[in-house]
Amino acid sequence: MLTLALQIQFVVISWQVYQLTHDYLSLGLLGLSEAIPAVSLALYGGYISDRNDRRKIVLIVMLLQFVCSIALVFISLHYTSNPGIVVTVFPYYVIMFFVGLLRGFYSPAQFPLMTQLVPREAYANSSAWNSTFWHIAVVVGSSIGGLLLAFLGANMVYILVVSILLIGVIQVYRIPPQPPQPVKAGESMRDSIKQGLSFVFNNQMIFGAMLLDLIAVLFGGATAMLPVFASEVLHVGETGFGVLRAAPFVGSVFMALYMTKHPPLKNSGKILLACVTGFSLCMISFALSKNFYLSFAILVLSGAFDNVSVIIRSMIIQFFTPDEMRGRVSSVSTMFISSSNEIGAFESGFAAKLLGLVQSVVLGGGVAILSVAGAYAWLPKLRKLDLEKEMNK
1 MLTLALQIQF VVISWQVYQL THDYLSLGLL GLSEAIPAVS LALYGGYISD RNDRRKIVLI
61 VMLLQFVCSI ALVFISLHYT SNPGIVVTVF PYYVIMFFVG LLRGFYSPAQ FPLMTQLVPR
121 EAYANSSAWN STFWHIAVVV GSSIGGLLLA FLGANMVYIL VVSILLIGVI QVYRIPPQPP
181 QPVKAGESMR DSIKQGLSFV FNNQMIFGAM LLDLIAVLFG GATAMLPVFA SEVLHVGETG
241 FGVLRAAPFV GSVFMALYMT KHPPLKNSGK ILLACVTGFS LCMISFALSK NFYLSFAILV
301 LSGAFDNVSV IIRSMIIQFF TPDEMRGRVS SVSTMFISSS NEIGAFESGF AAKLLGLVQS
361 VVLGGGVAIL SVAGAYAWLP KLRKLDLEKE MNK
């Protein structure tokens, strides 16, 4: 529910910000305003996650997100009911900053909570189903966010977001309490966080998978620039923007459903490298496309490639992380994901302003492909990874 609500909310905010500024960099700053607090608090969030009931953490975060979304309703109503007022983007950046603060606690608790609720033999299947539902929420949120914005306006869309979050809070409240694992007596927060970082950076498979995702999406992604491609390259307006925003997730949903029956366990490392390469090639092709339908198809394919890598990375973290460290490991993963997505959005906006829209995406895709070559050469454990053998241990 949180994913669905935030996707709808972000689609509306990003469109409004671009319409107010008509500036590539403003979209990048929108992502950066969320990423900085999320990354800054992630390690502390992981420390808190490993020492508290993760269900309670998720519940508190969702309640506070509910408050942020109510604030957006009042901001939007204030602007629309006072047509003569000067409209600025500052309140939207403030809201995204608080969303980032909350995510710094939510992400390190949500993934370990999911792992606590399923047995080890179900990790592969649960990762696929979790990815399926997450991507369905993103598909629906991205597509109806643009469509509802076009037909109902921002006020009604923000009210819908508040309603969805309320349903999510009720659902999380119904989960039984999940008490934490015992921790070492007298261990300081600094030592605990240091132990988590050391575990991640010394595990070639976990660190390699995170680093590969970071570089691929940080440099190779084009999602943040979709409002510009929709408006200035493909000329398809709000509805077309919503469709393009949903396209990668359509591919992800179909691939995730396939993965529930055929999880990528055998030769997982090689499949991961191949899919990151495929994703990068899709981004280059999308940047060069001038046809809306071709662009849509390319983005669908990119989502399918990306979903496989997401599922493999999730399984790697599940299989190789002890329960008492899941919060801290997930916090490092949050830092990498935030860096690749939101800071990647800033990088995309800055690079587009500096190099030009198409050139920046093509160059970024090339950098991502080079990162795959580097991983193949310098991360042999990741390349040779076979999760089928790990599951049978």
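Take the sequence shown: its letter number 291 is residue 291 in the numbering used here, and every next letter is one higher. By construction, the Cβ of each residue, glycine as well, lies at the ideal position given by its N, Cα and C atoms.
Query	Result
Check the C-beta distance from Ser69 over to Leu148 and give it rounded, since I have them as a contact under 8 Å.	Contact doesn't hold; Cβ gap of about 15 Å is too wide.
Name the residue from Leu299, Ser314, Ile369 whose alpha carbon lies nearest to the alpha carbon of Met259.	Ser314
Whole angstroms is fine: what's the gap from Asn291's alpha carbon to Leu244's?	12 Å
Alpha carbons only, please: which of Arg103, Ile60, Ala230, Asn125 is nearest the one belonging to Val169?	Ile60
Between the Cα of Tyr24 and the Cα atoms of Arg190, Tyr173, Ser231, Phe219, which residue gives the shortest distance?	Ser231
Tell me whether the beta-carbon of Ile271 lies closer than 8 Å to the beta-carbon of Pro264.	yes
Alpha carbon to alpha carbon, how far is Val118 from Ser348? Give it in angstroms, no decimals.	38 Å
Spell out a yes or no on whether the stretch 362 to 375 and the stretch 225 to 240 are touching, meaning 3 or more CB-CB pairs, one atom from each, closer than 8 Å.	no
Jot down the residue ranges of each uninterrupted beta strand (DSSP E) in the stretch 249 to 282, minimum 3 residues, whole runs only, in chain order.	none
Distance check for Ser81 and Val310, CA to CA, integer angstroms please.	43 Å
Please report how far the alpha carbon of Gln274 lies from the alpha carbon of Arg383, in whole angstroms.	Inspection of the sequence shows that residue 274 is occupied by Ala rather than by Gln. C-alpha separation (whole angstroms): 10 Å.
State yes or no: is the C-beta of Val11 within less than 8 Å of the C-beta of Gly242?	yes
Only counting runs of 4 or more residues, tell me where the alpha helix (DSSP H) segments fall wholly within the stretch 48 to 116, in order along the chain.	54 to 81, 90 to 116
For Asn392, does the count of other Cβ atoms within 10 angstroms reach 16, so buried, or fall short, so exposed?	exposed
Got a sec, what are the start and stop residues for the alpha helix (DSSP H) Gln181 sits in?	Segment: none, Gln181 is in no alpha helix (DSSP H) and carries neither H nor E.
When you compare only the Cα positions, how much space is there between Leu77 and Val300?	35 Å
For Val372, collect the residues of the same chain with a Cβ closer than 6 Å to its Cβ; drop the 5 residues on either side in sequence, then sort them by chain order.	Leu273, Val276, Thr277
Going by the beta-carbon positions, is the gap between Ser331 and Leu30 smaller than 8 Å?	no
So, Thr51 versus Pro179, is the Cβ gap smaller than 8 Å?	Looking at the sequence shown, residue 51 is not Thr but Arg. Their beta carbons are not under 8 Å apart, which means Arg51 does not touch Pro179 by this criterion.
What residue range is occupied by the uninterrupted alpha helix (DSSP H) comprising Phe296?	292 to 320
If Met255 and Ala304 are in contact, beta carbons under 8 Å, what's the gap, nearest whole angstrom?	4 Å
What separation, rounded to the nearest whole angstrom, lies between the Cα atoms of Ala246 and Lys381?	35 Å
Given this structure, state the Cα-to-Cα distance separating Ile75 from Phe98, to the nearest angstrom.	15 Å
What three-state label does DSSP hand Met1 in the structure shown?	coil
What residue range is occupied by the uninterrupted alpha helix (DSSP H) comprising Ile193?	189 to 201
Can you give me the start and stop residues for the alpha helix (DSSP H) that Met205 sits inside?	204 to 220
Would you mind sorting Glu187 into buried or exposed? The rule is 16 or more other CB atoms within 10 Å of its CB.	exposed
Buried or exposed, going by whether 16 or more other CB atoms sit within 10 Å of the CB of Pro112?	buried
Out of Asp53, Tyr92, Val67, which has the shortest C-alpha to C-alpha gap to Leu20?	Tyr92
Out of Leu32, Asp53, Leu2, point me to the one whose CA is closest to Asp323's CA.	Asp53
Using the three-state DSSP reduction, which class does Arg326 fall into: helix, strand or coil?	helix
Locate the alpha helix (DSSP H) running through Phe350, then write down its first and last residues.	344 to 355
Closest by CA to Leu4, which one among Trp134, Ser127, Thr115?	Trp134
Lys381 lies in the alpha helix (DSSP H); which residues open and close that run?	380 to 383
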